[in-house]
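Student: Those letters in the sequence shown? Residues 6 to 395, per this note's numbering, in order. Heads up, the beta-carbon is just placed ideally off N, CA and C, and yes, glycines get one too.
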Amino acid sequence: MKKVLIMGSTGSIGTQALEIIRNNSAGFSVAGLTCRSRVDDLIVQIREFAPEAVCVGKAEDAEKVQALFPDLDVYYGEDGLVQIASMDCDIVLNSLLGISGLAPTYEAISRGRDIALANKETLVTGGRLITDLCREKGVRLLPVDSEHSAIFQCLEGNKDRQVRRILLTASGGPFRGRSYESMKGVTVEQALAHPNWSMGSKITIDSATMMNKGLEVIEAKWLFDVPAERIDIHVHPQSIVHSMVEFMDGSVMAQMGRPDMKIPIGLALNYPDRLELLPDFSEEGRETDGSLDLFAAGSLTFEKPDRKVFRCIDLAYRALAEGGSAPVVMNGANEELVAMFLAGKIGFLDIPETIERVMDAYPHSEPSNVEEILAIDKEARRMARSGGEK
Ligand code: MN3
6 MKKVLIMGST GSIGTQALEI IRNNSAGFSV AGLTCRSRVD DLIVQIREFA
56 PEAVCVGKAE DAEKVQALFP DLDVYYGEDG LVQIASMDCD IVLNSLLGIS
106 GLAPTYEAIS RGRDIALANK ETLVTGGRLI TDLCREKGVR LLPVDSEHSA
156 IFQCLEGNKD RQVRRILLTA SGGPFRGRSY ESMKGVTVEQ ALAHPNWSMG
206 SKITIDSATM MNKGLEVIEA KWLFDVPAER IDIHVHPQSI VHSMVEFMDG
256 SVMAQMGRPD MKIPIGLALN YPDRLELLPD FSEEGRETDG SLDLFAAGSL
306 TFEKPDRKVF RCIDLAYRAL AEGGSAPVVM NGANEELVAM FLAGKIGFLD
356 IPETIERVMD AYPHSEPSNV EEILAIDKEA RRMARSGGEK
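Rendered as C-alpha cells:
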C-alpha cells in the first residue's frame, strides 16, 4: 500500500490522480490533500479519501475545514504547504501551480520522499538545487508531464546508452500556423481552446504561447541531463507520439498513446509497475477500451516550430543558456503576465514582449537556495507588472 500526498488535489492532475486511486484502492491510500481555493471540492475529497492532513490557501478556510473534521491536521498558506510536505508518506504528487511548487518539493525531497512531478516550474526555477538534493537523498523524481514521462519510458532499459537527441513533441496549441501579427487581438477564450488536452488555465495559455514547450525544454535538461542544443522541439498536432529519444547509433525510440494524462500519472504513482487503467468514457462520449486506435488517428505529422511567431521558445533557450537567475526571471514574469492576460489586463502578445524586456533589464545572479529563488521570482513579477521596467 503506497501512501500518497497529493499537492493540488482539486486541479486537473489532482482529480485524475484521485480517480486512479479510487479505482486501485488496494494499492494506494491518501496521506494528505491540498488545494488553494476550491475548498468545497476538497471537503468532498476528505469525506471520500480520509486523509490525515490537508492544506488550504487561507486561514478562514482552514477554520471551516477544521470545524467539520476535528481530528484532521489542517494547514494553510505557503508555510502550510511546506509543513504538510514533511508528513509521513511514500510519494508526493506535486501538481501545484507555478513556482508555489518549489519550496514544498524541496522539503519533501529533504525528507527522502519520492516525487511524482507534474509541476514543471519546480525544475525550471530550481533545477540544479532539486536534482542535486535528489541525488544526495537517493530520491526518485518521476515525471508526470506527458512528454517527460515518454522520454523516461524510452530511456528505460537503455541506461548508460549515449543519447544523441531528445525529440520533444508539441501539439502546437490553438494558434499553430498563425502569423505573429494575427495573434495581436486574440481573446482569452480563443487562447483557452486547446485542441487536444484538457488542462488548467495557466498551462493552457502557456501552450498557446508555446512557453509551455520552452519550460519543458528546461525541465527535460534537468530530468535527463541532456544539453539544450540536443533537445529538438517537434510540432506533432495529433498528440499521439508523446516524445522520442534518439541514441548514438541513430535508433529512435518513441512512446505513444492516447492523449490521456492518467497514463503518465498512473505510471509515476505506481512505478516501476504499470496500472490497468479502466475504460475511459470521457472522450466526447466515445466509448474506448483504453487502447490507442491508430486507424482512427490517421496520419501522424511532424513540423518545425515557428520560433519567429512563438517567441517564448527562444526566450526559454536563452534563459537556459544564461542559467542562474535567468530561468527564474523568465518564469516569474511569465506567471505574472499569464495571470494578467487571463484577467483581461493585457493583450496576448504582451506576454512574450514583456518577458523579453524583463529578462533584458534584470541583473544576472546565481541563486543558491530556495529563498533566493523566491526573491528573484518576486522581483521579476513586480517588473512584469510595470511592463518590464526596473
Ligand atoms: Mn507537457
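Once the 5 residues before and after E281 are set aside, which same chain residues still bring their CB inside 8 Å of it?
Tutor: Taking the sequence shown and counting its residues from 1, the one referred to as residue 281 is at position 276. Correct list: empty, nothing qualifies.
Student: I need the boundaries of the beta strand (DSSP E) containing N29, first residue and last residue.
Tutor: For this step, residue 29 is matched to residue 24 along the sequence shown. From DSSP, N29 is part of no beta strand (DSSP E); its letter is neither H nor E.
Student: Relative to the alpha-carbon of I245, which residue among R263, A259, A385, F252 has its alpha-carbon at the smallest distance?
Tutor: Along the sequence shown, one-based indexing puts residue 245 at 240. When only C-alpha atoms are compared, the closest one is R263.
Student: Is there contact here, the segment 225-239 with the segment 252-272, by at least three beta-carbon pairs under 8 Å?
Tutor: Of all C-beta pairs linking the segment 225-239 to the segment 252-272, fewer than three are shorter than 8 Å, placing the two stretches out of contact.
Student: Note down the Cα distance separating V97 from D265, rounded to an integer number of angstroms.
Tutor: Start at 1 with the first residue of the sequence shown, and residue 97 comes out as number 92. Start at 1 with the first residue of the sequence shown, and residue 265 comes out as number 260. If you take the alpha carbons of V97 and D265, they lie about 21 Å apart.
Student: Would V240 and P310 qualify as a contact pair, given that the criterion is a beta-carbon distance under 9 Å?
Tutor: Walking along the sequence shown from the start, residue 240 turns up at place 235. Walking along the sequence shown from the start, residue 310 turns up at place 305. Yes, the Cβ-Cβ distance between V240 and P310 is below 9 Å.
Student: Rounded to whole angstroms, how far is the Cβ of M364 from the Cβ of L320, which I believe are closer than 8 Å?
Tutor: Within the sequence shown, numbered from 1, the residue matching residue 364 stands at position 359. Within the sequence shown, numbered from 1, the residue matching residue 320 stands at position 315. Confirmed, about 7 Å.
Student: Between the Cα of V70 and those of E83, Q88, R43, S91, spot the shortest distance and give me the residue it belongs to.
Tutor: Residue numbering aside, residue 70 sits at position 65 when the sequence shown is read from its first letter. Looking at the Cα atoms, R43 is the closest of the given residues.
Student: Which value, in whole angstroms, describes the spacing of the CA atoms of V79 and K164?
Tutor: The sequence position of residue 79 within the sequence shown is 74, counting from 1. The sequence position of residue 164 within the sequence shown is 159, counting from 1. In a straight line, the C-alpha of V79 is about 42 Å away from that of K164.
Student: Identify whether M249 lies in helix, strand or coil by the three-state DSSP scheme.
Tutor: Indexing the sequence shown from 1 puts residue 249 at position 244. It is a strand residue.
Student: Should N374 be labelled buried (16 or more other beta-carbon atoms within 10 Å of its own) or exposed?
Tutor: Residue numbering aside, residue 374 sits at position 369 when the sequence shown is read from its first letter. Burial state of N374 is exposed, judged by a 10 Å Cβ sphere holding fewer than 16 other Cβ atoms.
Student: Counting C-beta neighbours from all protein chains within 10 Å, is the total for T214 16 or more, i.e. buried, or is it exposed?
Tutor: Along the sequence shown, one-based indexing puts residue 214 at 209. The residue is buried, with at least 16 neighbouring Cβ atoms inside 10 Å.
Student: At what residues does the beta strand (DSSP E) containing H239 begin and finish?
Tutor: Translated into the one-based positions of the sequence shown, residue 239 becomes position 234. Where H239 is concerned, the enclosing beta strand (DSSP E) stretches over 236-240.
Student: So, at 7 Å on beta carbons, what are the nonlocal neighbours of E308 in its own chain, with the 5 sequence-adjacent residues on each side left out?
Tutor: Counting from one through the sequence shown, the residue named residue 308 turns up at place 303. Within the same chain, E308 has close Cβ partners V240.
Student: Quick one: complete beta strand (DSSP E) runs, 3+ long, within the segment 184-224?
Tutor: none
Student: Would you list, in sequence order, the uninterrupted alpha helix (DSSP H) runs of no fewer than 4 residues that lie entirely inside the segment 70-143?
Tutor: 82-90, 107-115, 126-142
Student: Distance, Cα to Cα, L354 vs M188?
Tutor: Residue numbering aside, residue 354 sits at position 349 when the sequence shown is read from its first letter. Residue numbering aside, residue 188 sits at position 183 when the sequence shown is read from its first letter. The straight-line gap from Cα to Cα measures roughly 7 Å.
Student: Give a yes or no on whether the C-beta atoms belonging to P37 and L101 are separated by under 9 Å.
Tutor: Within the sequence shown, residue 37 is the residue found at index 32, counting from 1. Within the sequence shown, residue 101 is the residue found at index 96, counting from 1. In the sequence under discussion, the amino acid at residue 37 is Gly, which differs from the Pro named in the question. No; because the gap between Cβ atoms is not below 9 Å, this pair is not in contact.
Student: Count the C-beta pairs between the segment 153-164 and the segment 218-228 that are closer than 8 Å, then say yes if the count reaches three, no if not.
Tutor: yes
Student: Using beta-carbon positions only, say whether M149 and P332 come within less than 9 Å of one another.
Tutor: Within the sequence shown, numbered from 1, the residue matching residue 149 stands at position 144. Within the sequence shown, numbered from 1, the residue matching residue 332 stands at position 327. Checking the displayed sequence, the identity of residue 149 turns out to be Val instead of Met. No, the Cβ-Cβ distance between V149 and P332 is not below 9 Å.
Student: Who pairs with E308 in a beta bridge, going by DSSP?
Tutor: Here residue 308 corresponds to residue number 303 of the sequence shown, with the count starting at 1. DSSP links E308 through a beta bridge to V240.
Student: Reducing DSSP to helix, strand and coil, say where A331 ends up.
Tutor: For the purposes of this step, residue 331 is taken as the residue at position 326 of the sequence shown. A331: helix per DSSP, three-state reduction.
Student: Could you give the distance in angstroms between the alpha-carbon of A338 and the alpha-carbon of G62?
Tutor: Indexing the sequence shown from 1 puts residue 338 at position 333. Indexing the sequence shown from 1 puts residue 62 at position 57. Rounded to whole angstroms, A338 to G62 spans 22 Å at the Cα level.
Student: How about the segment 133-141 and the segment 105-124: do they share at least three Cβ pairs that are nearer than 8 Å?
Tutor: yes
Student: So L220 and K125 are in contact, right, with Cβ under 8 Å, and what is the actual spacing, rounded?
Tutor: Within the sequence shown, the letter at position 215 stands for residue 220. Within the sequence shown, the letter at position 120 stands for residue 125. The Cβ separation is near 5 Å, so the contact holds.
Student: Which class does F180 belong to by DSSP, given the choice of helix, strand or coil?
Tutor: The residue labelled residue 180 in the question sits at position 175 within the sequence shown. Of the three classes helix, strand and coil, the one that applies to F180 here is coil, per DSSP.
Student: Taking 8 Å as the cut-off, is the beta-carbon of H199 closer than that to any non-hydrogen atom of the ligand MN3?
Tutor: Taking the first residue of the sequence shown as position 1, residue 199 is located at position 194. No, the Cβ of H199 stays beyond 8 Å of every heavy atom of the ligand MN3.
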